[in-house]
Amino acid sequence: MLRRTLQLGISLLHGGNREVQKRMLDYLKETKDVGYFTSLATLMANCSVLDLDTFERCIKADVLGVGTEGMAEEKNLHDADFII
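Residue numbers (this note's numbering): 1065 to 1148.
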């Protein structure tokens, strides 16, 4: 569910997908569903920059056909507290 929600958010924002944005806006206006915004707010509160960075790396790895096994265990430049 989390992955699908993030993919929806990316498709809404990436490249200014106006058709998807309009359909979503029409749906939210019609249903007046606050559950969507509550879920989104909870998701945003629980995610960190590293979570999103890891998610984006996994998506890129999937697109490139590279395995993502063990990625959470590996350190990279983004995991550093600071860079000297």
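Where is the CB? At the ideal position from N, CA and C, for every residue including glycine.
LEU1092 and GLN1085 closer than 8 Å at C-beta: no
Can you give me the start and stop residues for the alpha helix (DSSP H) that TYR1097 sits inside? Here residue 1097 is Asp; the residue named in the question, Tyr, does not match the sequence. Note, ASP1097: premise wrong, no alpha helix (DSSP H); not H, not E.
For VAL1130, which of helix, strand or coil comes out of DSSP? coil
Under three-state DSSP, which class holds GLY1079? coil
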